[in-house]
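Below you'll find the structure, written out as structure tokens, and then a few comments.
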Amino acid sequence: MAGAYNRQQFVAALREAGLRAGDVVFSHNNIGFFGLPEETRSADGVCALIADAFREVLGPEGTLVVPTFTYSFCKLEPFDVHNTPPSAMGVFAEWVWKNPDSIRSEEPIFSVAALGGQAAYFVQDPPEDCFGPNSFWDRFLRSEGIICNLNLDAGSTFLHYLEREERVPYRYDKAFPGVLVRNGQPTPARAVFFCQDASNPDTVAAFEPFDALAQELGIVCRVRVGRGSIVALRARDAKCVLREGLRRNPWFLTVAGRHGRVPQLTRPATKYFPARMPPNAAMSEIVSALSAYPRDLVSEGIDAAVETVASLLPVTMHEYPTGTRVGRRIVPERWTCVQGFIESPDGQRVLDYANEPACIASYSMSADKRLDLQALLPLLHTADAALDAIPFTNCLETRGWGVACSEMTRAGLQPGGYRVLIESRFSFGRMKVAEAVVRGELPDSILYCAHLDGLGCNDNLSAVAVAVDLFRELIGRACSRLTHRLLLVPGELGFAAYAGCQSETLESVRAVVFLEMLGGAHQIGLQCPAADHPLTHAIARALGEFEVLVEPPNPPRNHEWEFALDLDVPLLVLSRGAGDYPFPGFGTSADCRVSIPEMLQSRAALSRLVEAADQLTV
Amino acid sequence: MGAVRWNLSEVQGWLMEWFQKRGRYDNITGIDTLHADYFASGLLKSLEVIEFVCEIEERFGVAFSETNFQDRRFSTVAGLSQIISELAVASQTAK
């Protein structure tokens, strides 16, 4: 086979493509398409020839950067910058990585390897956000870098950085926890990938339209070498192309957009739908209806629950899309458990998500495992407190999978082979926070908050039902002095998201009252700030007839509390958790009923609390 | 060999056989051989693409251009089969 090109021609082609001494070049490549050069036939020889040609053109100050991405980190495999090989980035990228003169960034998903004068600058101290400020891509753009692809079109991973800068709606931040290996020692790490919804074919990346537009705008240089070609364009020009493309069609870099369609980002519910309830449904009916939904943080179940509540009283629905940053936390994807079960050696389902959602940990990844009993037992989560209760577990922070059962079920498992199957789906969703407002004469507000997530009844559908019932009445009456706001949140992340985004509303808030576990048999407790605060006195006095135990918030019986500390207003928790906390069955499937007399009493107490709070001097 | 109209499934069959003869599908389960990216999944090694391209051109009487190499369809058996069929038709029309 005759040589298709030689080193000198390659150097000339790089120069014709616009590369100059001192440039920073990022290159996706598939060098095989050039054919073989005249000088060598070995893979190492070809790679050395190409690297040498870049070196000659870029000079000692210039830098060549190639992708050495490792998607294995997303599959929970540890990343070792020195030993984890790139994931099929091509023979040239692998050669650069192995070159003793190159440096690789310790970036567990989108690492790059660099050769040349500025190599250290481009790989050092990568941030947690793969496409965030100070990432390689950010430095590359600021350094007037050049995309120079070998036998590929003008598309580049760099475009994802630009898409993030432009806040495109079809990609979102997603946290990947994992392990970095440093000097042989595993270290917990996290990478945040601005990713697409992997379950949605509409939003799959399509770079061809970018290439076409770059050509149309005349900002891409294409030079033939051997049988293939070099494509080059400046990073800042790529930014202009992307902006122009998004201006013409906001979806142009997605498969749907390419076919002239608008992608459906949030797919319609298939499993859980809002319940139809009479507007005057009793508290017990509300609890009963909502308890039918597994209310995972972002899920069809919690959407159906919150929409059911919205049919009972007027609410404003605040939505926080998947990927919304709330401090260091990120609103997760919508999680759907399609099916989940453990099958015994004789083919019987010992546990089935369809009957008992608690048996599959919330946010479990999909898994299909065949395990003998000895291997299965350590993996089964059980509750210490009650023999017949299944603990509520979740894998949101670990990206693993989990199964749970009662101690009774565990004890009854016979030796043999078991099958654990979890089929779950992660997709783009919206975390919802419902807000009902009783407008008073003054804009100054008291904020009441009950969390709606989880699988429990007393924790916390009881508080939701009590608050909904009272606010239905207050909204109908509408004669308060202060404004009273009820928030129904999907856990602390929902409260934190609301607190982070509704700063104007929060300026009017004078106190926050968290409502927890109001349907149990315990004495009513009121956790308060300093005992000498006027609000504490007023509320304690107002609740005198209920034999309320006034306690310090140490620790608060509420997870949202810590996200309200910055508000610098009194925080209170009204609960039936006084004395023996938590109640028996807390956090397990044993929390499946509420006491109606206690809920009625809680409602009366909350009503008094609202009246007392309404008189707060502002 | 002059260009002829190739049935798409014939082209796909030949390409899959190319990988099969080299044992690339051995010990691999759960792969969609038609739509898997053979670069990303490591089925095509190192500079083997040169040999791959030459054999395809010889077998089907087509000549790839540099733009064909940039076509993202080139990385799967299904996509490459389409490219080959299109080239064969174009070549025949030109004659």
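The listed protein sequences derive, respectively, from chains Z and S.
Using the working numbering, you'd call the opening residue of the first sequence number 1 and step up by one each time.
Using the working numbering, you'd call the opening residue of the second sequence number 1001 and step up by one each time.
Even glycine gets a Cβ: it sits at the ideal position worked out from N, Cα and C.
If you're wondering where the values come from, they're calculated on a predicted model, not measured in any experiment.
Bridge partner(s) assigned by DSSP for residue i
| i | result |
| --- | --- |
| Asp202(Z) | None, per the DSSP bridge assignment. |
| Pro147(Z) | Note that residue 147(Z) corresponds to Ile in the displayed sequence, not to Pro. Paired residues: Phe26(Z), Leu233(Z). |
| Thr187(Z) | Leu180(Z) |
| Gln339(Z) | Glu423(Z) |
| Asn394(Z) | Ser362(Z) |
| Tyr172(Z) | Cys195(Z) |
| Gly116(Z) | Thr63(Z) |
| Val509(Z) | Ser445(Z) |
| Ile330(Z) | Arg325(Z) |
| Ala434(Z) | Met317(Z), Leu488(Z) |
| Ala367(Z) | Ile422(Z) |
| Phe514(Z) | Cys449(Z), Val573(Z) |
| Leu549(Z) | Gly525(Z) |
| Asp129(Z) | Val192(Z) |
| His381(Z) | Ala404(Z) |
| Leu351(Z) | Ile342(Z) |
Nonlocal neighbours in the same chain, by C-beta distance under 7 Å from residue i, ignoring five residues either side
| i | result |
| --- | --- |
| Glu397(Z) | Pro177 |
| Val241(Z) | Phe210, Leu213, Ala214, Leu217, Ile219 |
| Asp101(Z) | Leu115 |
| Val11(Z) | Ala53, Glu56, Val57 |
| Met1001(S) | In this predicted model, Met1001(S) has a pLDDT of only 46, less than 50, meaning its place in the structure is not dependable enough to derive any value. |
| Phe73(Z) | Phe79, Pro108, Ile109, Phe176, Gly178, Ala191 |
| Gln118(Z) | Val24, Thr63 |
| Phe586(Z) | Asp459 |
| Asp580(Z) | His522 |
Amino acids of chain Z, ordered along the chain, whose beta-carbon sits closer than 9 Å to that of residue i
| i | result |
| --- | --- |
| Phe1019(S) | Under the 9 Å cutoff, chain Z gives no residues; its nearest Cβ is about 15 Å from Phe1019(S). |
| Glu1055(S) | Under the 9 Å cutoff, chain Z gives no residues; its nearest Cβ is about 12 Å from Glu1055(S). |
| Glu1058(S) | Result: empty, since nearest Cβ-Cβ is about 12 Å, beyond 9 Å. |
Own chain residues within Cβ distance below 6 Å of residue i, not counting five before or after
| i | result |
| --- | --- |
| Ala1003(S) | With a pLDDT of 49 at Ala1003(S), under the threshold of 50, the modelled position of that residue is not reliable, and no figure is offered here. |
| Ser575(Z) | Glu516, Met517, Gly525, Arg557 |
| His451(Z) | Asn460, Val489, Gly491 |
| Glu319(Z) | Arg430, Lys432 |
| Ala113(Z) | Val66, Thr68, Val96, Trp97, Ser102, Arg104 |
| Trp1014(S) | none |
| Ser602(Z) | Val466, Leu518 |
| Arg234(Z) | Ile146 |
| Arg243(Z) | none |
Cβ-based neighbour list, residue i, same chain, cut-off 8 Å, excluding 5 preceding and 5 following
| i | result |
| --- | --- |
| Leu152(Z) | His28, Asn29, Asn30, Val231 |
| Pro314(Z) | Ala436, Ile475 |
| Ser595(Z) | Gly519, Gly520, Ala521 |
| Ala21(Z) | Val57, Leu58, Gly59, Glu61, Gly62 |
Proximal chain S residues relative to residue i, where beta-carbon distance stays under 9 Å
| i | result |
| --- | --- |
| Leu565(Z) | Ordered by position in chain S, no residue passes the 9 Å Cβ test against Leu565(Z), which lies about 48 Å from the chain. |
| Ala88(Z) | Asp1037, Phe1039, Ala1040, Ser1041, Gly1042 |
| Val220(Z) | Chain S residues near Val220(Z): none, gap ~11 Å exceeds 9 Å. |
Proximal residues of chain Z, C-beta to C-beta of residue i below 8 Å
| i | result |
| --- | --- |
| Val1049(S) | Asn30, Gly32, Phe33 |
Interface residues of chain S facing residue i [CB-CB closer than 7 Å]
| i | result |
| --- | --- |
| Gly257(Z) | Result: empty, since nearest Cβ-Cβ is about 16 Å, beyond 7 Å. |
| Val46(Z) | Leu1047 |
| Ala467(Z) | Correct list: empty, because the minimum Cβ distance to chain S is about 50 Å. |
| Arg224(Z) | Glu1066 |
Beta-carbon neighbours of residue i, restricted to chain S and to distances below 8 Å
| i | result |
| --- | --- |
| Glu208(Z) | Arg1072 |
| Leu64(Z) | Within 8 Å Cβ-Cβ: nothing; Leu64(Z) doesn't reach chain S, min ~20 Å. |
| Leu36(Z) | Leu1047, Ile1050 |
CB contact check: residue i to chain B, cutoff 8 Å
| i | result |
| --- | --- |
| Gly228(Z) | Absent here is chain B; the protein component of the structure consists of chains Z and S. |
*Are at least three pairs of beta-carbons, each pair with one atom in the region 518-527 of chain Z and one in the region 545-562 of chain Z, less than 8 Å apart?*
yes
*Is the region 419-428 of chain Z touching the region 190-201 of chain Z in the sense that three or more CB pairs, one from each, lie closer than 8 Å?*
yes
*Below 9 Å between beta carbons is the criterion; list the residues of the region 1033-1047 of chain S that meet it against any residue of chain Z, in chain order.*
Asp1037, Phe1039, Ala1040, Ser1041, Gly1042, Leu1044, Lys1045, Ser1046, Leu1047
*asked:* With three or more C-beta pairs closer than 8 Å as the rule, is the region 132-152 of chain Z touching the region 182-189 of chain Z?
replied: no
*Is the region 289-300 of chain Z close to the region 235-250 of chain Z, with three or more CB pairs under 8 Å?*
no
*Report yes or no: do the region 486-505 of chain Z and the region 560-580 of chain Z share at least 3 C-beta pairs separated by less than 8 Å?*
yes
*Counting pairs of Cβ atoms below 8 Å between the region 319-331 of chain Z and the region 387-395 of chain Z, do you hit three or more?*
no
*In chain order, what residues of the region 150-184 of chain Z put their CB closer than 7 Å to some CB of chain S?*
Asn151, Leu152, Asp153
*Between the region 476-488 of chain Z and the region 438-447 of chain Z, do three or more beta carbon pairs fall short of 8 Å?*
yes
*Is the region 158-165 of chain Z in contact with the region 71-81 of chain Z, if contact means three or more CB pairs nearer than 8 Å?*
no
*Specify whether the region 533-540 of chain Z and the region 467-475 of chain Z touch according to this definition: at least 3 beta carbon pairs, one from each stretch, less than 8 Å apart.*
no
*Say whether the region 1032-1050 of chain S touches the region 1074-1087 of chain S, bearing in mind that this needs 3 or more beta-carbon pairs closer than 8 Å, one atom from each stretch.*
yes
_Touch test, the region 409-420 of chain Z against the region 309-316 of chain Z, Cβ-Cβ under 8 Å, three pairs minimum_ = no
*Note down, in chain order, all residues in the region 89-112 of chain Z with a beta-carbon under 8 Å from any beta-carbon belonging to chain S.*
Gly90, Val91
_Counting only Cβ-Cβ distances shorter than 9 Å, please list the residues of the region 480-502 of chain Z near chain S, keeping chain order._
none
_Counting beta carbon pairs with one atom in the region 245-260 of chain Z and one in the region 276-287 of chain Z, are three or more of them shorter than 8 Å?_
no
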